[in-house]
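K.L.:
In my numbering, the protein residues as written are 69 to 258. Backbone N, C-alpha and C define an ideal beta-carbon position, used for all residues, glycine too.
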Amino acid sequence: MSEEFDLPDDRGHCHDFHLTVPEGDDRERRVCRACGFVDYVNPKIIVGAVVSHEGRILLVRRAIPPRTGFWTIPAGYMEEGESVAEGAAREVHEEAGAHIAIDALLAVYSIPRISQVQMIHRAILTRPDFAPGIESLEARLFAYDEIPWADLAFPSVHWALRDWLRVQGRADFAPFGNPPGDDGRRLPSF
Ligand SMILES: [Zn+2]
69 MSEEFDLPDD RGHCHDFHLT VPEGDDRERR VCRACGFVDY VNPKIIVGAV VSHEGRILLV
129 RRAIPPRTGF WTIPAGYMEE GESVAEGAAR EVHEEAGAHI AIDALLAVYS IPRISQVQMI
189 HRAILTRPDF APGIESLEAR LFAYDEIPWA DLAFPSVHWA LRDWLRVQGR ADFAPFGNPP
249 GDDGRRLPSF
């Protein structure tokens, strides 16, 4: 019997939660009084990509909060049942209508302030056509020196674009982490 069948059923009934520290644990969780189900809340995984085409970088302008109207690389929440690369390609297609080939994992950023792990890939367009999806106001290719740095949506977009430049044309690199001095716990200063 596989491990998942040993877990209490979490969908068959309405749980009767209370906050308690489960035995052997070190923090409070929501635990069901009736069946013992523990409602673990864990960090979310964000998947995305710095996508280039003939040296220019694909950015999308956000149509939804947070940071509506600001530019970002295509990225979003990983879904169940997909790999990180599949998730990144899906997000690029949803937000920019683009098809990509991923060649490397560029970076893994930790943002403990909002309990996110961001897995950002490096990719190129496999077809030159793209168009903004419903969560985007615009999708555009920018030469590196045209990137609207003051209008980027999140600190980690800056990080990813800078890390992309550091390994442009190189295949032999390890994924980057957070830049020195930024542990992802401070509020961004927009
Ligand atoms: Zn229950």
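#1: Between E71 and the rest of its own chain, which residues show a CB-CB distance below 8 Å, the 5 nearest in sequence each way excluded?
#2: Just curious, the alpha helix (DSSP H) that S183 is in, first and last residue?
#3: May I have the straight-line CA-CA distance separating A191 from D94, to the nearest angstrom?
#4: Alpha carbon to alpha carbon, how far is A86 from M146?
#5: Got a sec, what are the start and stop residues for the alpha helix (DSSP H) R124 sits in?
#6: Figure out for me which residue from T88, N110, R135 and R98 has the closest Cα to the Cα of A218.
#7: Determine which residues share a DSSP beta bridge with I170 and list them.
#8: Using the three-state DSSP reduction, which class does D94 fall into: helix, strand or coil?
#9: Keeping to the same chain, check which residues put their C-beta closer than 8 Å to that of A221; ignore five residues upstream and five downstream.
P.N.:
Let's see:
#1: Unreliable positioning characterises E71 in this predicted model, as indicated by a pLDDT of 46, which lies under 50. The coordinate reading is nonetheless provided below. The answer is none, since no qualifying residue turns up.
#2: First-last for S183: undefined, no H or E at that position.
#3: Near 41 Å, if we compare the C-alpha coordinates of D94 and A191.
#4: It is worth fixing the name first, because residue 86 is His in this sequence and not Ala. If you take the alpha carbons of H86 and M146, they lie about 29 Å apart.
#5: From DSSP, R124 is part of no alpha helix (DSSP H) but of the beta strand (DSSP E) over R124 to R130.
#6: Here the closest residue by C-alpha is R135.
#7: For I170, the beta-bridge partners assigned by DSSP are A191.
#8: Correct three-state label for D94: coil.
#9: Cβ within range, chain order: R130, P134, R135, F138, W139 and T140.
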